[in-house]
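Quick notes on the structure that follows.
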Amino acid sequence: MSNTFTLDGKEIPFQDGQTVIQAALDAGVYIPHLCHHPDFPPHGSCKLCTVKINGRQTASCTMKAQAGMVVESNIDELNDERRALTQMLFVEGNHFCPSCEKSGNCQLQATAYQLHMLTPHFDHFYPNRPVDASHPDYLLDTNRCILCSLCVRASRDVDGKNVFALGGRGIKTHLLVNAKSHRLGDTDFSGEDKAANVCPVGVILKKRQGFAVPIGQRTFDIKPASEYVDSRMPTKEV
Amino acid sequence: MSASTKPKLKVATTSLAGCFGCHMSFLDIDERLFELVEHIEFDRSPLTDIKHVGPCDIGLIEGGLCNAENVHVLREFRRQCKVLIAVGACAINGGLPAQRNPIPLPMILEEVYHTSPGLHNGLIPNDPELPLPLNQVHPIHEVVKVDYFMPGCPPSGDTIWKVLTDLLAGKEPVLPHELLHYD
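Protein chains in written order, with this note's numbering: chain S, 18 to 255; chain R, 46 to 228.
Below, the structure written as structure tokens:
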């Protein structure tokens, strides 16, 4: 049997060892995702990329592609659940888009548009989370953190600095900065780091360049996330 | 849409904890207002200055809930309107006023009326005429059932036009990508 599976009826080729989402994105087919990043091993935490494989739900970022799989993704059942997950992310943090520098370039916001989220639906938590402006060039606003762990993975696996970690459990899970003072300014974090350029939302922000691109010309003003296929690709160009 | 002999739909609008930006955006439908008033008439609204909402087909709510009066007005709208629509970020997620939510209310009043410069011997207002502030600002769906949502800060005139014309045509409102924004 050749190395292909079907995704919503479309034949998708894959190479041995590829996950379902890797093969889908390579073939130009969008599956909603937040914690998946093509440069990193899977984390499997956001669950937005959940698909149905041979009738059972599984995360497409952790499932290895196998020949003959029947994968369903763009169906109401899954999109309804993805929308509910996205709504929960919105109410758990403080995601006030009009005041966020990442607005228009934010993968959480773009994914919510993609899933046609019109309301957060659930009751808001309005948590009290810190903003850390101690670093001379970067701002850390944890109100917007969705715990995707991309900065943790980038800092540990690519930069070799271990600047970030996730601490706590369950609803108390939060982003930690690896310094005695817990301040970003007291670490060796720098703008050259991979970790400075992977945040999908507006937590790790470069100072003094906010709102540089006018509304109407930002990444996801131009076209929806699904048309970029991998919604992280445009951030490399920006 | 052409003028018809159908009775006009009654529409009421209000701004709760909002900035009237969504109402300004409503006016941004510009000359389409003439077409709209062939199909609707306004009940309570800042445009009519009617003080209490009567039985209506559509209620448009701008702003979230920051005080007790907001809650009373919202409940009155819900009682009187067949279809209730949350218009803009503040009605949907609390918006800018909700940025006070992580800070305890007494600390905010203290800062505004006692600590910050400008008000010498300032007093925290306590006239019984004034509605009491809520401890936190809430979006309207946390208090009443909301039928439709128009995100945006503000939603554009085109977004408001699309939702209203869909409803007037008896359709479920659908916002395409270019009309769906949270900012």
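For every residue, glycine included, the Cβ atom is placed at its ideal position computed from N, Cα and C.
(request) Give me the Cα-Cα distance between residue 101 of chain S and residue 112 of chain R, rounded to the nearest whole angstrom. (result) 29 Å
(message) Suppose you measure from the CA of residue 98 of chain R to the CA of residue 187 of chain R; what does that come to, to the nearest Å?
(response) 21 Å
(request) If I'm right that residue 89 of chain S touches residue 69 of chain S with Cβ under 8 Å, what's the distance once you round it to whole angstroms? (result) 4 Å
(request) Mind listing the chain S neighbours of residue 143 of chain R? Cutoff is C-beta to C-beta under 8 Å, in chain order. (result) 113, 141 and 143
(message) Excluding the 5 residues flanking residue 229 of chain R on each side, which residues of the same chain have their C-beta closer than 6 Å to its C-beta?
(response) An answer regarding residue 229 of chain R cannot be provided, because it is not within the stretch 46 to 228 covered by chain R.
(message) Strictly below 8 Å CB to CB, what residues from chain R border residue 159 of chain S?
(response) What residue 159 of chain S touches in chain R: nothing, since even the nearest Cβ is about 12 Å away.
(request) Enumerate, from N- to C-terminal direction, the unbroken alpha helix (DSSP H) stretches of 4 or more residues contained entirely within the segment 88 to 124 of chain S. (result) 93 to 109
(request) Look at the alpha carbon of residue 207 of chain S and the alpha carbon of residue 228 of chain R, and state the distance between them as a whole number of angstroms. (result) 30 Å
(message) Please state the DSSP three-state secondary structure of residue 107 of chain R.
(response) strand
(request) Spell out whether any CB of chain R is found under 8 Å from the CB atom of residue 136 of chain S. (result) yes
(request) Can you give me the start and stop residues for the beta strand (DSSP E) that residue 170 of chain S sits inside? (result) Residue 170 of chain S -> not in any beta strand (DSSP E); alpha helix (DSSP H) instead, spanning 167 to 170.
(request) Can you pull the chain S residues whose beta carbon is under 9 Å from the beta carbon of residue 112 of chain R, in chain order? (result) What residue 112 of chain R touches in chain S: nothing, since even the nearest Cβ is about 17 Å away.
(request) Please determine, among S:239, S:25, S:71 and S:83, the residue with the shortest C-alpha to C-alpha distance to residue 37 of chain S. (result) S:83
(message) Suppose you measure from the CA of residue 219 of chain S to the CA of residue 166 of chain S; what does that come to, to the nearest Å?
(response) 14 Å
(message) Quick check on DSSP: helix, strand or coil for residue 132 of chain R?
(response) strand
(message) For a minimum of 4 consecutive residues, which ranges assigned as the alpha helix (DSSP H) are wholly contained in the segment 123 to 192 of chain S?
(response) 124 to 131 and 167 to 170
(message) Suppose the cutoff is 8 Å on Cβ atoms and the five residues either side in sequence are ignored; what does the same chain contact list for residue 183 of chain S look like?
(response) 164, 166, 169, 190, 191, 192 and 193
(message) Quick check: residue 202 of chain S and residue 152 of chain S, are their CB atoms within less than 8 Å of each other?
(response) yes
(request) Would you verify that the beta carbon of residue 181 of chain R is, or is not, closer than 8 Å to some beta carbon of chain S? (result) yes
(message) Just to confirm my understanding: we take residue 47 of chain S, look at its own chain, exclude 5 residues before and 5 after, and list those with CB closer than 6 Å. What are they?
(response) 243 and 246
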